[in-house]
Amino acid sequence: MTKKWISLIAMLLVICMAFAACGGKGEDTKEGDDKKTTEESDSKEVSKDTADAGKDVKDLKLGCNNFMKGIYSLDILENGFAETCKALGIDTMIVNDEGKVEKTVQNVDNMISAGVDGIVFFGISETLFPVVSQKCQDAKIPFVCYDHMPSEENLEILLANPYFKGAVATKDYGTGQNIGEHAASKGLKKAIVVTGKKTDPTHSARTEGFKDAFEAAGGKVLDIAWDASNLSDSNAKANDLLTAHPDADCVYATNGDFGSGTMQAMAQHTNVNAKLYVTDLDPDVLTGLKDGTISAANGAHWINVDFATTLLVNALLGHELKTEDGKAPILVAPVMALPSEMVDLYDEFWIKSQPFSGEELKQFVSAWKEEVSLKDYEDVLKDYTVESRLKQKEKEGLITAEELKAVGIE
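The numbering of the sequence shown is the numbering used here, which starts it at 7 and goes up by one.
Set out below in C-alpha cells:
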C-alpha cells in the first residue's frame, strides 16, 4: 500500500513539473513575442520618422493641388510643377480642387492615402493652412506652400510643424501696390477694380495694395467688384462697373482671366476712356500689351512653384535647407513688370517654354549639387528679372545678342 502511494505521489510530481515547465515556457514565449512586437513597432515608428532623410530622387512621388483647372494662372503653376518634376525624374500626383475649399481638404487626404512622399500645396484661403498643416503632421508627410503667402499668424503655425519644409510665394500686397503707383504716376484719378474673393489672400492683398497706393497718390477707387472666379464672371462684373462709373479713367484686374474678361467688357463701353492694368502675364494679356488695349501688366512670379518643389525635394533627400535660426525658409518670388517691346520674347521663353531650364533647376537640388544652400535660392530669386533670364537664354544659345539689343538689353 505504501509503495502504491509513493508511486502515485511521484507520478503527480512529474506531471506538475511538466505543467510548470510548459507554463514557464509559454510565459517566456509570450513575453518574448511581446518584446519582439514592441521592437518591431518601435522600429517601424523610427523608420517612418526618418523616412524623409536620404531618399533617392528617382523613387520620389510628389503631390500637388491645382485649385481650379481651366484658370490660366493656376494651370501655368501646375505646369511649372510638372515640368520641374519631369526634369528631376520625379513621379507626380496632381489633383483638381474644382474651385472648392472642401475639395482641397479632401484632395490632401487623397494624396496622403495614395502614399505621396511630399505635398506641394496651394492654399486659396487662410483657413486651409492650419487644417492642411495638421493633416500633414499627423500623417508625417513633408510639405511646402507655393504662390500664396500665408498670413503671419498662419506662418507661425506652419513654422511650428516639423513637417513644414518652407514656402516660396509672392507678397501680393506689393504686386497691387506696384500697379497702383504706376497708374497714379500717369495722372489717373478714378479707378475701378475687378477681383476675386475677399477670402482669397492673393486677390484681397492685390486689391488692398492697389487701393492704398492709388489713393495715397491722390486718386480714388470708386468701386470694387469682388468674387469673380473666371473670365465670364469678370466680364459681367466689369460691365456692371463700367455702366455704373463711366467717368472712371483707370481699371485694374487682379489676374489674367479677369483682365481678359474686363478687356472684352471695355470694348463694349466705348464711352469710357479708361486705361486697363492687369496682374498676370498670360497670352491674352500679352496680346493686349502688344496692341495697346492693356496699358501695363506685371507678373511672371509663377516660378515660385519651381523652387518650392526643389526645396521639398532637398528635404526628402536628407538635405533640408533652413534659416540661421533653424526654421523652414520663407522665400519671396518677385513680380516683374513687362515692357511691351519684350512681349514676343516673354511669350517664347515664359509661355511656350520654361524660364529656368531643367539643367538649371537641378543645380538647386542636392542630388546634383551636394553643397546647395539657402543662399543659392535667395540669390536666384533676388536676381530674377526679365533681363536676367533673357541673358541666360543667350548663354544657352537660344537667343542672339542682336535680338536682345533690339529690345534694349545690352
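Beta carbons are placed, not taken as given, at the ideal position from N, Cα and C, and that holds for glycine.
- Judged by DSSP secondary structure, T406 falls outside any alpha helix (DSSP H); it is assigned neither H nor E.
- The closest CA to that of T90, considering only P156, D288, Q369 and V200, is found on Q369.
- Counting of Cβ neighbours within 10 angstroms places K217 among the buried residues, the total reaching 16 or more.
- Collapsing the DSSP output to three states places T133 in coil.
- The Cβ atoms of A211 and G186 lie no closer than 9 Å to each other.
- Each residue's CA atom was taken as its position, placing N279 and V257 some 10 Å apart.
- Listed in chain order, the non-local C-beta contacts of S301 below 7 Å within the same chain comprise K281, L282 and Y283, local neighbours out to five positions each way being set aside.
- Assignment of Y352 by DSSP, reduced to helix, strand and coil, places it in the helix class.
- Inter-segment contact for the region 132-147 and the region 155-163 is present: three or more beta-carbon pairs are separated by less than 8 Å.
- Every alpha helix (DSSP H) stretch that sits fully inside the region 153-209 and reaches 4 residues is listed by chain position as 158-165 and 178-191.
- In terms of CA proximity to V349, L287 leads the group L287, K375, D144 and V338.
- Measuring C-alpha to C-alpha distances from S363 to each of Q398, P340 and T329 identifies Q398 as the nearest.
- Here F264 is near A234, since their CB atoms are less than 9 Å apart.
- A straight line joining the alpha-carbon of L327 with that of S379 spans about 7 Å.
- Going by beta carbons, M272 and T316 fall outside the 9 Å limit.
- Distances from the alpha-carbon of L228 to those of H209, T249 and S240 put T249 closest.
- Annotation: the continuous beta strand (DSSP E) that includes L228 extends over K226 to A231.
- Between the C-alpha atoms of I336 and N277 there is a straight-line separation of about 46 Å.
- The DSSP-derived three-state label of Y258 is strand.
- Classified as buried, P148 has 16 or more neighbouring CB atoms from the shown chains inside 10 Å of its CB.
- Judged by DSSP secondary structure, I309 falls outside any alpha helix (DSSP H); it is assigned neither H nor E.
- Contact between the region 107-119 and the region 59-75 is present: three or more C-beta pairs spanning the two stretches fall below 8 Å.
- In the displayed model, I118 falls within a helix according to three-state DSSP.
- Residue environment for W374: exposed (fewer than 16 other C-beta atoms within 10 angstroms of its C-beta).
- Counting every other CB atom within 10 Å of its CB across the protein chains shown gives Q183 a total of 16 or more, marking it as buried.
- Following the DSSP letters along the chain, one finds N72 inside the beta strand (DSSP E) bounded by residues K67 to N72.
- Rounded to whole angstroms, the Cβ separation of D255 and G215 is 20 Å, and the two are not in contact under 8 Å.
- Counting the other CB atoms within 10 Å of its CB gives T391 a total below 16, which places it among the exposed residues.
- Under the three-state reduction of DSSP, T316 is assigned to helix.
- For I125, the secondary structure class from DSSP, reduced to helix, strand or coil, is strand.
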